[in-house]
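Reviewing the structure listed below.
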Amino acid sequence: MPFRRLLRKLRDNTRGNFATTFALIAVPLMAVTGAAVDYTMALRTTGALQEAADSAVMAGAVLAMEGASKKEQRKEANTFFKGVCSSSECNLVTGKKVIADGKRVRMELTADSPISFLQLAGISGFPVKVVSEASVSEGHTKFVDVYFLVDISGSMNIADGKSQIKKLQSLFSPYDSKDGCAFACHEASDGTNATLEKGLTGFEVSRKYGVYLREDRVRDEMSEFAKTILTSPSWNARVGIHNFQWSDVNVIDPQPQNGQVQKAIKNLEFSSGGTSVEFALNEFAPKLPKSGTGDSTSDAKIVMVLITDGMTQDPDTGEYEPLNTAHCDAIKAKGATLMVLNIEYPDLKLLKQPDNPSVLKAKKVIDKIEAPLKSCASSGYYYKGDYAGSVSAAFDEILDGLKEVASTNMPVFTQ
230 MPFRRLLRKL RDNTRGNFAT TFALIAVPLM AVTGAAVDYT MALRTTGALQ
280 EAADSAVMAG AVLAMEGASK KEQRKEANTF FKGVCSSSEC NLVTGKKVIA
330 DGKRVRMELT ADSPISFLQL AGISGFPVKV VSEASVSEGH TKFVDVYFLV
380 DISGSMNIAD GKSQIKKLQS LFSPYDSKDG CAFACHEASD GTNATLEKGL
430 TGFEVSRKYG VYLREDRVRD EMSEFAKTIL TSPSWNARVG IHNFQWSDVN
480 VIDPQPQNGQ VQKAIKNLEF SSGGTSVEFA LNEFAPKLPK SGTGDSTSDA
530 KIVMVLITDG MTQDPDTGEY EPLNTAHCDA IKAKGATLMV LNIEYPDLKL
580 LKQPDNPSVL KAKKVIDKIE APLKSCASSG YYYKGDYAGS VSAAFDEILD
630 GLKEVASTNM PVFTQ
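Numbering (this note's numbering), first residue to last: 230 to 644.
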């Protein structure tokens, strides 16, 4: 029988001691019922505050992904709490504490839930306590295979930066140039005009006397890049190394072990040969698998990073020519993301003999290099640097680009 009907029946029964009995029973029954009502209200208050606190700490924790300070995280949590908490519940809060610790945010609340019936028992409020904590991490990336396609031709023997170029110039003067070995000196000295012993190329001089070359910069940056994505728990990556010059394309398939990749990078041998980027792309495209969803190693996303100075040559004539971007399409047609790092030529003003035949040939093409390389790259994935810090910065940008490709866009939250 419903409680209210029972009360009415007892109230309306006037026989014998029913009125007295009703009075005696009604008081404790009403007290119990009132306590239940007040407790229900307290539960509602707790639930509302808990929901607001959960949202607030999550908002604060998310800022950690953007590099926010602890102060900024606390401010965001407080602001968000006020925004999602209704005035009826927020006005009940008697104490609030927000703790930010890196990627973890914690909120502690105390409140007094209003009561009606229990006031008869001398109780002024129902105490409520809420604790919420959230932490965020980047989670795991999609599975991604990164293929480096590296130009190892002689032009990558250029010294890394103005100071290194001048050092090499002072050490070595090839027989056909008063500039010294400013750029890539492929011919061995005949001993006539050379400052050093007969029979050494510019590359050999650099190795013997500690001149840091552009190829050293590329090798070191590739090494650091591979280490980052192969040893970090958040990455699901493999790295392959492919190099090319005039005609040969040597392949090291993608590997998940950092040690194997580092060995391959260390053993990467640059040459004094010419360059045919188009040959390399045509040779490599049929071997490249189709890009997948990234949900497994067998269906990995495919990223190719082409590293070249863009000074490609006609295989038949040897003449310098801009890249024909049609040769890039076969890579992109497989759904792969094609990133291009243009290792730009140094300032020609460093030369003392600007009319050198090889320099004149380069001048005809140098201003035509960037546009086709940019078109070759997938949209938004073109990078450039000439030497030293600019190449390092370009590799940092490539890493950011790879994060975009491999990201699940779903950070992991724990609460």
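We put the CB at the ideal spot given by N, CA and C, even for glycine.
Does the count of Cβ pairs from the stretch 383-393 and the stretch 481-488 closer than 8 Å reach three?
no
Kindly indicate which three-state DSSP category Leu510 falls into: helix, strand or coil?
helix
Quick check on DSSP: helix, strand or coil for His369?
coil
Residues near Val256 in its chain [Cβ-Cβ closer than 7 Å; skip 5 each side]
Here Val256 scores only 48 on pLDDT, less than 50, and its place in the model is too uncertain to base an answer on.
CA-to-CA distance, Val365 to Met451, given in whole angstroms
30 Å
With H, G and I counted as helix, E and B as strand and the rest as coil, what does DSSP make of Gly614?
strand
What do you get for Pro601, buried or exposed, if any count of 16 or more other CB atoms within 10 angstroms of its CB means buried?
buried
Cβ of Leu570 versus every heavy atom of the ligand MN: is any distance shorter than 8 Å?
What this structure holds is no ligand at all, so the ligand MN is not there to describe.
Does the contact criterion of 3 or more C-beta pairs under 8 Å hold for the stretch 273-280 versus the stretch 291-307?
no
Hey, Gly469 and Val480: beta-carbon distance below 9 Å or not?
yes
Cutoff 7 Å; reference Asn306; Cβ partners in own chain excluding five residues on either side
Per the sequence presented here, residue 306 reads as Ala, with Asn not at that position. The answer, listed in chain order, is Ala285, Val286, Ala288, Gly289, Val327, Val334, Met336.
Would you say Thr430 and Gln474 are within 9 Å of each other, going by their C-beta atoms?
no
When the distance is taken between beta carbons, is Met533 closer than 9 Å to Leu378?
yes
Bounding residues of the beta strand (DSSP E) (the contiguous stretch that carries Ala340):
333-342
Just how far apart, CA to CA, sit Glu626 and Tyr612?
8 Å
Would Leu512 and Leu552 be called neighbours here (beta carbons separated by less than 9 Å)?
Residue identity differs from the one stated: residue 512 is Glu in this sequence, not Leu. Taking 9 Å as the Cβ cut-off, Glu512 and Leu552 do not qualify as a contacting pair.
Pull up the distance between the alpha-carbon of Ala363 and that of Gly521, whole angstroms please.
33 Å
Is it buried or exposed, Asp576, if we count other Cβ atoms within 10 angstroms and call 16 or more buried?
exposed
Could you pull out every residue in the same chain whose Cβ sits closer than 6 Å to the Cβ of Ala635, ignoring the five residues on either side in sequence?
Thr370, Lys371, Val373
Any idea which residues DSSP pairs Ile481 with across the strands?
Ile470
Could you tell me the distance, in whole angstroms, from the CA atom of Ala361 to the CA atom of Ser463?
A small fix is needed here, since residue 361 is Ser in this sequence, not Ala. Whole-angstrom Cα-Cα distance: 26 Å.
Closer than 7 Å by C-beta to Thr646: which residues in its own chain qualify, once you throw out the five before and the five after it? Chain order, please.
In this structure the chain extends from 230 to 644, so residue 646 is not present and cannot be described.
Please work out which residues of its chain come closer than 7 Å, Cβ to Cβ, to Glu444, disregarding the five sequence neighbours upstream and downstream, and give them in chain order.
Met385, Asn386, Phe499
Distance, Cα to Cα, His471 vs Lys495?
13 Å
Select from Lys597, Ala297, Val313 the residue whose C-alpha is nearest the C-alpha of Gly331.
Ala297
Measuring straight from C-alpha to C-alpha, what distance separates Glu633 and Ile572?
23 Å
State the beta-bridge partners of Val286 as determined by DSSP.
DSSP output for Val286 lists no bridge partner at all.
Under the assumption that Val490 contacts Leu459 (Cβ atoms under 8 Å), give the Cβ distance between them as a whole number of angstroms.
6 Å
Taking buried to mean at least 16 other C-beta atoms within 10 Å of its own C-beta, is Ser382 buried or exposed?
buried
Can you list, in chain order, the residues of its chain whose CB lies under 7 Å from that of Ile560, leaving out five sequence neighbours each side?
Leu510, Ala514, Leu517, Met533, Leu567
Mind checking Asn320: buried by the 16 CB within 10 Å criterion, or exposed?
exposed
Enclosing alpha helix (DSSP H) for Leu178 [first to last residue]:
As displayed, the chain neither begins before 230 nor continues past 644, which places residue 178 out of reach and without an answer.
Take Glu548 as the anchor and find which of Ser527, Ser525, Val569, Ile595 has the nearest alpha-carbon.
Ile595
Bounding residues of the beta strand (DSSP E) (the contiguous stretch that carries Leu535)
530-537
Answer yes or no: do Lys325 and Phe309 have a C-beta to C-beta separation smaller than 9 Å?
no
Limits of the unbroken alpha helix (DSSP H) element including Ile381
From DSSP, Ile381 is part of no alpha helix (DSSP H); its letter is neither H nor E.
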